[in-house]
Structures are given as structure tokens and as C-alpha cells.
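Colleague:
Chains as they are written, first to last, in the numbering used here: chain L, 1 to 1080; chain D, 1081 to 1583.
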């Protein structure tokens, strides 16, 4: 695991030690507590001296010690232990993991260079494999959630192919990508947040989070949003082969769905369904809007008579059914992961192999995701020459129903929607389910061949049987992804080494969308109730032909990510001149990214169930695209350390990129960083038990970011609408030339301090950063009279500034007590601001109702509100009692969280340990589009809160004069039912559906039984542990949000906007299960 | 040995990369970076036809042809004329017209001055007049001189509507002169999907455009278009042998159908589209059809069983904004005379409109000719367009025939001119159904005809005004993207503010 990676460094730092003859020889073995394996390279020192040795590859050591001496065992990543010799000659020591030692943590920085954290002039954080896989999340991203200050992971939807966005320190680019760069074993993955789904989390040895632009200056423009540097396992160093087997089994259940009313049945304002005497709405047997009478237990017909106007009438009880439609539809999803790893090696060579199968079924019946991941990795040293290799192959198959939007971003592709009809207003799957009235027994429609379940007899005139959708509208995807890396290193002399790193990342994404044909009976088409039902939309054809759509992309294996081949050549010069330890890294990176996609499809399949464009009517639709991006960079990284307590780092990088015009193609950017460790510098502070470690640091850096796509700078002509007609072509203007576009420039400064108190029992890190992003590459919407709806410009400046704090305390240490308890917390505040845009522009739409407004945070949610009095109360009409929509846009707030707080704790007693992670996010708003839909249809709990009676609009006022308003105590709405919730401006106004985006989530709970001590004596089994895990167990939101998980968003992961949900994100789930891990 | 291999490979890669061409990736492999006049022309003509066919649905409702079906909740903007919510109904035609005009402008600028390409320049000038007139008729003052130059004018200024009209007349005269002076220029051939490169027809088109510009300003004392009619009168106007119909080769394929048919009728699989189900016959027009005993009623609208259960099929319309409108099975859809086939041509400028324009111009004495003959020719062309027989018999009906005297019992002050103009505009109104909604509504605003049997405004009690909108509001995109410039136009009230020719 991590041990080996650290070994080489330890040798470097500690090898020059002298051993004086003493009067007692002590021997022993140092093993790790977590897996019981020996640890090579552990420093064994005699306290108060510089005398010491290191353990060998088998973890054994031999040292001469005075009888009354004390040995200090220390190893990076483990809690040091001091043990008095007391005349013993054998001392076997078990070290426990301790990731909290400030300054000693090894950080994998730029270009894979490992550095001790105390030398770094920028903020970093490490996530250990144990933390990462605590709850056996399939996706690495989920394992990072809540663990690092300033790192926010957004799970934008909840499907078997979820969209995930990983953002460090909030947004800085107005319209570009704000996601952190993911680097795996030195290979940058620009589409990383999507790519993480292909990585087996158990393969990861370490994750270093480089938070700021400064940290990543050397990775180049792609890392201006910070970087997450993943190091994978390379095998063990114990000299013996180790095999582990792990099984994780988890169940997933729908946990957070919108609050729905179960009091009122269907009526959609049909004029014929009104009681002529009372004016009350009557029961409408086919409607899916719920503005009808209250459930009363009577017996009513549901839907139309079956099969014919004189057919069987299905009579049901008019009261909420025992199982709600949501509970009836969603099932318990099951995830099972089986992982086998094999590792072996010694201090010089290592080998690692892993295979994992994960099988996940979703809460939506029939949806599933199967991932098989294989990897082979290793390291070999031949004298001065060493080679490191890694190959990872992942095959993912998943299948989901098709949705109009969301759901893995399938979109409404090629006229293919989750419903087989768009003309009759039929809804998507989740939207339909949310709208089914509470008296539906959804189970009766499960069998599509049954009397009630067949497509002609579904009672809701405006929805399609959801079981028809999941059975007949499918997206099946196969992804094959390969990530290979080969690194040679030659240590020319003791002050010079040269290395070359070649990596290739490519994959194939094959997607097939199919939708079965459907035929309606003449009776269904005749529309018994004249309701304009689904069937009546097919009067002329009797049904719809089947649909097929194929999409194949060659790239990184995700639908839009590029493949990448990269070569890095690096010369590493390092020498110590007296008190100055210097190193200089110079190098060159060249990469090429390729992408190609091809699609074809038809909506006119001739033969039912034959999904092949060769068997269609009309012509197939088809298209293709390809792109190449090339980039050459040169860089230098100079480090000067003075006496180990002062470290200066300066970097310079030049980049040339094919996406920019030749004149502005080459750009350079520098950074400088300084770190100072007072506790090492001043004698007065050395060996201080209260302040055991202190470091202060600062950095200034600049990074260029290319927010221009391949070929985007030059105008092209598009195919005119409808063309070609036969052999006749037609072209239309696509845009203008943008050849002067330059990269965005981020200028970042950062200062921070790290303190270890009471021998690092309490660790505190504090960071302040301030970043300015200039030359934003932004599409400015223009007057259409310019000929174009938008023009791409470099403009404006934004600021992103914030604080981060991370504190860890070991309240009880296991070394001294059987009982151990640690608590940790990370907290960040992010302030963003638009400083300027361009002349004549003070507000810029970013999409999804979000804007960049000068002087305001961004992205800023703006939308319609009611007319309000100066005191903010809603003004209602003195005659109708209804509010009116104000013209213009009202600002609601930012959609990215301002505050992010993570809390974690670990309690252990003997072999049992319990850990938990909770997270709070707040300071943002979300627009619950889903609430608008639910209110429109009368399904929301909110819409029934006044008993559907006329009511006085809460906290309203009536305008009595030009500037006078009186509290409304007497004027009720003229209607409290359909007429208000659906017909008035209420459901069309945005403000009632904007809520705080704040939430508390209990992210993770893990209860582990480490059974190592019980199996230690067996011959084959070296370790055994059993865990119970839970993820996203509880969600707490403010009262104003009764709709859904505020993390969900209908935007794409690369979008700079977030915070708008709709009915395309499935409801939130909680996951719980168990793991078993055996080491052989 | 390995050392050398390593060093050599590092160096070779670093040096190889220095090749200058390595980073030259400007040429987009997916799309062309140049066009030809032919490609630009065919797309511009096709788009111009599609805009006329599809962008004026709201005018079709306000003109009394169509209304919403009883099956659907009516759009409040449509039924109540409440334009406070931003995006209705301007942007479609604003965006589409300017976007197409950018292409027309490119065609003009890329061919202008090259004698061999003068036919392309001429058609570009004519199409420019065709689309810009629509912009002015919808929005009055619009950007013209500073349009289409984003690098120079990111915030283009607005020009006076009448100034634009006057300049369009000059552009049309220039087009006619280019056609006449360069007989040997490259023929656009099949890339001209309207006239197949027959340039004499384009001269007629340009001349008819001038007539349309002139007639539109009939209520004004200064009318530059009228003054320019005589100079090109000899060229003649669009007639039933020179119909300006776009036909690129529409077919029953998704996206390649006739735009009107594909939008308001049926998709490539034969299923009805949403607009087909949403827009049903409007009582305003079905009443006129019944009143005039007009056989075209069964071509403009589909037949349905009447309300009382009589066995005869009838054309039946709904009322705009009426909550109790009949459902789809009991109201007429858009009819078979408009929805003939997915490959039907898309009319750009019809001969019946040309005849009625000529009839009015002759009535006013602006051009020579007999208004009655031109009137009858217009009716015949309209019957022919929807495939309806019996034009001659229809035209001889007392209430249809061209008035020759003021009947007894007419309101005091009624003049023969008024009655003749009313007859011309009423027949023009009937003939423009569906395919030229904008012309029907615009001419109604200019003349107040036809004398509609009932107030065409909405039955919705919340409708903002009893009268119809007089102009379109500027699209909200102008407010946000060109706000400072737009502010100079003052506050626009779409229910009272008028286009310059509307006196």
C-alpha cells in the first residue's frame, strides 16, 4: 500500500545515520495494526539521540540500546510509539495508522513528485483509502464527500449512471468548466469527474487534494480549478504475497421524496365536472390533476370502461390505497461488490493485481449497472534504472429507462422520449408517478398483458403506464475503458535523474436507445371521455412505430470525453549545498486528445422488435463529429530548502495549444510559494509539547485556462434546416471568427498556517485564499440584429475568496487506552463576486435562470416574484385576493453553497470501531422546479394545506393608496382549489418554489469489527474484518424545501450552474449494508 | 545502453513536437468554413418560406382563423393579450428573420460588385426587402443600417420604420436593374428553389414587393413606394403562372416535410402534431364562410359532426378564450386545402395576393387595369390554390360580386370606393388563410376589413382589451441584450402603439 511508496523517501531522508555500539541488542518486528503485515522502513531511534536504524523488508530490526533507553518507532502515516527497553531483548511493535501528523504527511504533488507536507507552500489534504472506502461507495467521488475543507462533491441525480461534479473552492469561471482536474498516477483526465466511475475504489492507495490554482500551476491550464491526485496501489513490500478478498453488500431504498397530499382525488378543472349547485369540483375518473373531491371511501369507476364503451367498469374504493404509488413502484436496489487483490513485492520490486465485479440494481425496476474492473500494476528496479507500469481495464454495462431530460443526460434525443408520445402531453416516468392520485393501486398495472395493465386501458388519460415505459423504452450502454501508464526512470548520478512517462487513456462508449412500437385499439383512440387522451393522439396511424438510436463514441469511454495520449519527459536535478537543499525539475509535456462519435437512428422501424436501421421506412438520421486537441508545454519547478524549515518553490510553465489561434497560442504563467516551520527553526520552539508543530505559508500564482473548444475560434457553416433535400444542399452562417480569444487567467494568492498541539493530538490548519479570474471566455448574448444570438468574448473579472479550516483532535488515543476517540471537522466559506463584465453589460445569463451580475455573487438565481409592498409582503388584489406576478426579475441568491461543514468522528474500543461523517452545506438557494410541477397538478402537500378552501393569502397586504398598504385580513382568494393553484399566477411565479439549499446529511456510518487478533494464529488467514455501513442515511432540510435532495440538479456536471431541479432526478435514496474483508 | 535509448527518445519527442504544423488544428473536420452563393441562396430561400409558413400562428388566431381547442388550457398570453410576461410572441419571427437576413446579407456582400454573380445579388436584395418588410410590419422601428456587424456594432441602433421602407424600394429597384443589365450572369439554377433561376420571374417578384410596400402605406400622404411604381410597371406582377412557391424537394421524412404541413399537420410517421391538435377553427372565420356560402370552408377546415347530432358534416369553430369550447372531436381542425401533402410547395408570395394588391392599386388609380377583373382573378387563384372548384359561380353570388354601386339602405356616407375596397380586402383575407396569417392580420390593421361579424377579440373575461394588439412588443432579448439602445424607443404598448403606416 502506501508503505512502499514512502519507503524510497525514507531511505533518502534517514539513511545517513550512524550506529554506535551499545550494551544491549534489541530485536523485533514492526507490524501494522490494520492489516497485521510487517512494515519495512520504520525508523527506530533511541530517544534523545540521532542514533537509529530502519526495519528491513520483513519489518525486522536490530539495534543496540542502553538498558535504560527508550526506543521511538516512527513511520509516516502511523502514530509514533515510544517504548522503554527495560532490559528486554525482543520488542515487537504494532503501529496504528495515524493520518493526522501534520507536516509529515506525504503529498503527491505535481507530476507525481512526493513531498513532505511541511515543505509545501499551498493547501493540500489527503484522503486515505480507509476513509475513502469506509462505506464501500462504488464511485470514488462519493467516498470523498464531506472529508476535505473546500472540496464539494455534487451528486446531481440518482440513477445507475449518475452525474457527478467535483468542485474545489467554488466557482471561478462564469461559463466554463469549474470541475477539479482528476489525475490518476500522473495521467490527467480532463473529463475526470465522469471518469471516476470507471475506477475501482479499492485500487486507490492515496488521494491528495491540491486545492488552489497555485497548487496545480505545474499541471497546466487544465488544473486551474485545483486537482485531485489519485495514486493507485503498487503492491506490497513485505516480501510475501498477500491476497485479499472483499465482499460488500448494500441495499438501497428511496428515502427522500416530495411531500405529497393524500386527501384529494382527480379533477383538472374540467368544466363538465362541477357540481351545478355547490360549485364544488366532482370526481374525474381519468384525470391526473388532483383538484377533485376529498377521498370519502365510496366506490367509484377508475378510468374508462375496459376495451369498449360497454366494457367492464373497474370499480375501486375512493380512498388512499394502502401502498402509495411511489412505494409501489420503486423497489429496493441491491449492490454487491466482490473484489480480489493480489500483491507482492519487496523494497525494490512490487506487483499488484486486482479484479472487481460490482453489480447494482436500482430502485427503478429493471435498471442496473454492472462494472468489471481489472488492473495490473507494478514497479521494478534494475540498479539505476526503474520502471513503473499500470494498466487498468474497466467494462461497464448499464441499462436504464429513457427519460426526456436528466437520467444520465440522455436528453430528448432524436425525438425519442421516455413516453412514446409527446403530442398528448404525456409525462415522463417519475413525473407520472408523482402525479398518480393516492387511490391508485399501481400494482394492478404491472403486467402489460393484463386486462388493466395493457396500454389501452391505463386509467390516467394523460400518462402512459409506467411499467410500459420501463419495459419498452430502454437505454443500454456498454463502456470499455483502458488507462495505461508506463514510466521509466534512470538515476544518472546522485544529483540527476531522468524520467519519461507515457500514458494512454481511451475507451469506447456504445449507447443504444430503443423504444418499442405501440398499437392502440380503436376504442382507446376513440377517447371515451373526449379527454384528449394518449390514444387519441394516434387517430391517423393507430400507434407509433418503434424507435432505434445508436450512439458510439471513441474517446475516454464516457459519452463526450476525449481519449488522451501523453508523454512527459522530466529531468530532476537535486543537490544539497551546505544548508541549502535544492532541486530543479525541468520537463516537457505533449498530449493529444481525440474524440469521434457517430450516431444514427430512425423512428420508423418497420418490423416490431427489430432494432436495426436497415429495416425502416423513410431515411435514417445520422451524423458524426471528430476533434483533435494538441498541446505542448515546457515547465520548470525550482525548490530551495534551507535547513529543513524554510522552503521556497518557484514554477514557470509555457503552454501552446491547438485550440487557440496561432498568434495567441503560446502563453506562460509563473508561481512562487514559501513555507516556514518555526518549530524547526527556533530552538525555543523545538520539542515543545504544547505547540509541537507550526507552519506558515503563502503563495502567489497565475494559471491560464483555455475555455475554448476544438475548432471553436473559426466560423463554420451549418446545414440549413431540412437540407439536404435530395441532392440539393444549403448552408447557413454558424457564427463569426473568434481568432483573438485568449485563455482565461486566474491569479491566486493564498496564505495559511498549520499547527499541531499537544504532540499533534490536536491539529489545526487554516487557509485564506483570494483568486481573480480575468478574460473570462463568455458567450455574450447579443441583439439578434447583429445576425447572431451571441458572440464569444474575453471579458470581465470575477473574484473567489474564502477561508478553510480543518481541525482534528484525538481525544483518547488508542496507544494509552483501549478506548480511542477522534473527532474532526472541516469548514469552508466561499465568497464569489462578479467584479466586472464588459461595457454596456451588467448582467449576463448563464442559463438555468442563473446570471452573473456585476457586484453580486455568481451564479445568481433570478426569477419572477409577486408584487410586494416595501416591507416585503405580498400584495394581493382587493377583488380576487390573488397575488400578481411582478414584472422584471428578482434576485434570490447564489446557487453554490457558501458554507460547507464536514464533521467526522471515530470511536474505537478494542477491535470494534465506529466512524461517522456528517456534512452541512448552506448559504445558497435552489429553484424547485419539481415543486412547480407538483403544485400545478395538485399533488404537492403544500397545495392542500388550506383544505382547498378559499383562503387569505398568508402575510398579504392590500394596496389602498399610491404608497399605502394595509394587512389583508378579509379578502380571501376567489378560489382555493384548481382556480388558485393551477389557474392563478401562483404556480407560474418562481418565488414560491425557491427555497434555501441548506441541508445536513449523515453521509456515512461505519461499524467495523477488526477480527485480526482472532485469526492471527491460523495458517492461511492473516486478517479478517467485518463492517456494517450506511450512506446518506438521513437528510435534514429547512421547512421551505419539502421537495427533494437540494444537491440534485438538472444541469450537466460541466455546467457552471447548479441548483435547479425538476422531475427528471429520481428521488434520493439511502444505502445500507455490510462488508467482509479477508486477507490471506 | 538504456540510458541512451531514454535520452534519445526524450529528445526526439521534444524536438518532434517543435514542428510548427503540429499545433495547427484550425480546420474543422466536421463542418465547412466556406460556402458558395448557391448553398447560401437555397438555405435563405428555404428559411424565408418557413418563416412565412410557421412564425405567425398568433396572427392566425387574432385574425380569426384559428383558436385553441377545448381540450387544452388556452395560453393566457394568446387569449388575454397579456404581454407582461416577457417572451410572447415576438422572438420567434424577430430571431428567425434577423438570422435569415444575416445569411441574405452575406449573400449580398459576397456577390456584390461581381458582375457574373449579379443574379445572386439581385435575389439577395429582393429577399432582404421581403424579410425586412415583415420586421417593420411587426415591430415598426428596427435595426437596419447597423445590423449584421457584430464586431463593429455590438449594440445596433434602431432605424425609423418608414426610412427602412424607403430604402427597401431602392434595393428592389437596384435588384431589377441588376437583372436587366446582366443577362449573361451565372444562373442560380436549381439552387433557386423558388423560380429555378428564371430571373424575369424575380423581376416580377421585386415589382410585386414594391406594390406591397406601396399599398401598405396607402393611408400616408408621402409614399415613396407608390411614387416608384410607374418606373417598373412594364415588368408586370406575379400571376398564376409565376407563383412564388418554394420547393426544395420536400418529402415525407422527418425534418424535410413542407414546413407548414410538418408543423401544423402530421409528422413523418403520419401522426398529428401538437399544433394540429391545439389549433382549431375559429368561429370568426367559419361564420364568414357560412355567411358567404364559401365552398373553400371545407378546404381551410376539416369537417366534424355538428353539435345537435345532425347527420351532415359541418365546419365548426371555437371562440378564442372561451373556457367552454368544444373538444377536438367536435371542432374543425386545419383543413385538407392547406394540408395537402408533406411534399406540397411552400408559398412565399402568392398570385392571389398579387391580384388583390393590383386590384386595390388599380382601384386607387396607381396602376392601370380593371379592378373587377383583377378581383375575379384573385378569387380564381385562391380557389385554385386550395384545390376547390366553383370559383366562377362563387364570384357571381350577390354578396361576393365586385360592387358596382352603393346598394339602397347602406349606412349614410357609404361610398362605392369603400365597398369595393372592402370586397377586395375581404376576399384577400379569406384567401390568405393559414399560409399568410401575417398579411391577413396586417391588412386588417391597415383597412379595418373584413367587417367581421363579431368582435374578434377574446372571450376571456381577463383579456386586457376588447380590441386586438396593434403591434408586437419588442422581444425581451432586445431588452436584456440591447437595452440602452432600445430605451430610445420609449415604452411600447402593444395594444395602442402602431406601426408607422397604421393611420
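For every residue, glycine included, the Cβ atom is placed at its ideal position computed from N, Cα and C. Computed from a prediction, not measured in an experiment: that's the story for all the values here.
Closer than 8 Å, Cβ to any Cβ of chain D: which residues of the region 519-541 of chain L, in chain order?
Modeller: Listed by position, the residues of the region 519-541 of chain L near chain D (Cβ gap below 8 Å) are 527, 530, 531, 532, 536, 537, 538, 539, 540, 541.
Colleague: Using the C-alpha atoms, what's the distance from residue 554 of chain L back to residue 507 of chain L?
Modeller: Looking at the two C-alpha atoms, the distance is approximately 6 Å.
Colleague: Beta carbons nearer than 8 Å to chain L: which residues of the region 1280-1292 of chain D have them?
Modeller: Within the region 1280-1292 of chain D, no residue has a Cβ that lies closer than 8 Å to any Cβ of chain L.
Colleague: With DSSP run on the structure shown, which of helix, strand or coil describes residue 1399 of chain D?
Modeller: Residue 1399 of chain D falls in the coil class under three-state DSSP.
Colleague: What does DSSP give as the partner residue(s) for residue 1433 of chain D in the beta ladder?
Modeller: Its beta-bridge partners do not exist; DSSP assigns none.
Colleague: Can the beta-carbon of residue 955 of chain L be found less than 7 Å from the beta-carbon of residue 1039 of chain L?
Modeller: Cβ distance not < 7 Å, so residue 955 of chain L and residue 1039 of chain L don't count as in contact.
Colleague: Taking 6 Å as the limit between beta carbons, can you name the residues of its chain near residue 1082 of chain L, skipping five residues before and five after?
Modeller: With chain L covering 1 to 1080 only, the question about residue 1082 of chain L has no answer from this structure.
Colleague: Could you name the residues of the same chain whose beta carbon sits closer than 6 Å to that of residue 1076 of chain L, not counting the 5 residues immediately before and after it, in chain order?
Modeller: If we look at residue 1076 of chain L and ignore the five residues flanking it on each side, its Cβ neighbours are 247, 1026.
Colleague: Counting contacts by CB-CB distance shorter than 7 Å, is residue 604 of chain L in contact with chain D?
Modeller: Residue 604 of chain L counts as touching chain D.
Colleague: Considering Cα atoms alone, identify which of L:206, L:621, L:225 is closest to residue 213 of chain L.
Modeller: If we check each option's Cα against that of residue 213 of chain L, L:225 comes out closest.
Colleague: Output, in chain order, the set of chain L residues within a Cβ distance shorter than 8 Å of residue 1557 of chain D.
Modeller: Correct list: 781, 783, 784, 789.
Colleague: Whose Cβ in chain D lies nearer than 8 Å to the Cβ of residue 271 of chain L?
Modeller: 1403, 1404, listed in chain order.
Colleague: Are the region 1434-1443 of chain D and the region 1494-1512 of chain D touching, with three or more C-beta to C-beta distances below 8 Å?
Modeller: Enough Cβ pairs lie closer than 8 Å, so yes.
Colleague: On a CA-only basis, which of L:352, L:346, L:94, L:1002 is nearest residue 340 of chain L? Give me that one, please.
Modeller: For the residues L:352, L:346, L:94, L:1002, the minimum Cα distance to residue 340 of chain L belongs to L:352.
Colleague: Give, in chain order, every residue of the region 1335-1365 of chain D whose Cβ lies closer than 7 Å to some Cβ of chain L.
Modeller: Hits within the stretch, in order: 1335, 1336, 1346, 1348, 1349, 1350, 1351, 1352, 1353, 1354, 1357.
Colleague: Spell out whether any CB of chain D is found under 7 Å from the CB atom of residue 1084 of chain L.
Modeller: This structure does not reach residue 1084 of chain L, given that chain L is present from 1 up to 1080, and the question cannot be answered.
Colleague: Any idea if residue 1474 of chain D is buried or exposed, counting beta-carbon neighbours within 10 angstroms, 16 or more meaning buried?
Modeller: Result: buried.
Colleague: Are the C-beta of residue 1075 of chain L and some C-beta of chain D separated by less than 7 Å?
Modeller: So no, residue 1075 of chain L is outside the interface.
Colleague: Measuring straight from C-alpha to C-alpha, what distance separates residue 719 of chain L and residue 731 of chain L?
Modeller: C-alpha separation (whole angstroms): 5 Å.
Colleague: Determine, for residue 725 of chain L, whether the minimum Cβ-Cβ distance to residues of chain A falls below 7 Å.
Modeller: Judged by its chain identifiers, the structure shown contains no chain A, and its protein chains are L and D.
Colleague: How big is the Cα-Cα spacing for residue 441 of chain L and residue 328 of chain L?
Modeller: Near 8 Å, if we compare the C-alpha coordinates of residue 328 of chain L and residue 441 of chain L.
Colleague: Go ahead and pull the three-state DSSP assignment for residue 810 of chain L.
Modeller: Strand.
Colleague: Whole angstroms are fine: how far does the CA of residue 638 of chain L sit from the CA of residue 209 of chain L?
Modeller: Distance between the alpha carbons of residue 209 of chain L and residue 638 of chain L: 21 Å.
Colleague: Going residue by residue through the region 703-746 of chain L, where are the continuous alpha helix (DSSP H) segments of at least 4 residues, counting only ones entirely within it?
Modeller: Qualifying alpha helix (DSSP H) stretches: none in this window.
Colleague: Which stretch, first to last residue, makes up the beta strand (DSSP E) that contains residue 593 of chain L?
Modeller: Here the beta strand (DSSP E) through residue 593 of chain L covers 580-605.
Colleague: When the Cα atoms are used, what is the spatial distance from residue 930 of chain L to residue 156 of chain L?
Modeller: One C-alpha to the other measures close to 14 Å.
Colleague: Tell me which same chain residues have a C-beta within less than 7 Å of the C-beta of residue 304 of chain L, skipping the five on either side of it?
Modeller: The residues are 286, 528, 529.
Colleague: Buried or exposed: which applies to residue 690 of chain L, given that a residue is buried once 16 or more other Cβ atoms fall within 10 Å of its Cβ?
Modeller: Residue 690 of chain L should be labelled exposed.
Colleague: The alpha helix (DSSP H) with residue 680 of chain L in it runs from where to where?
Modeller: Where residue 680 of chain L is concerned, the enclosing alpha helix (DSSP H) stretches over 678-681.
Colleague: Can you tell me where the alpha helix (DSSP H) with residue 990 of chain L in it begins and where it stops?
Modeller: Residue 990 of chain L -> no alpha helix (DSSP H), and no H or E assigned at all.
Colleague: By the criterion of Cβ-Cβ separation under 7 Å, what are the contact partners of residue 1127 of chain D in chain L?
Modeller: Within 7 Å Cβ-Cβ: 720, 721.
Colleague: With a cut-off of 7 Å, does the C-beta of residue 615 of chain L fall near any C-beta of chain D?
Modeller: No, because no Cβ of chain D sits closer than 7 Å to the Cβ of residue 615 of chain L.
Colleague: Going by DSSP, what residue range makes up the alpha helix (DSSP H) through residue 1138 of chain D?
Modeller: From DSSP, the alpha helix (DSSP H) with residue 1138 of chain D extends over 1137-1142.
Colleague: Let me know the alpha helix (DSSP H) ranges lying completely inside the region 1407-1470 of chain D, each 4 residues or longer, listed in chain order.
Modeller: The region 1407-1470 of chain D contains these whole alpha helix (DSSP H) runs: 1431-1443, 1451-1466.
Colleague: What does the Cβ neighbour count give for residue 887 of chain L, buried or exposed, with the cut at 16 atoms within 10 Å?
Modeller: It is exposed - the Cβ of residue 887 of chain L has fewer than 16 other Cβ atoms within 10 Å.
Colleague: Measure the beta-carbon distance from residue 160 of chain L to residue 362 of chain L and round it to whole angstroms, keeping in mind my assumption that it falls under 8 Å.
Modeller: Indeed they touch by this definition, with Cβ atoms about 5 Å apart.
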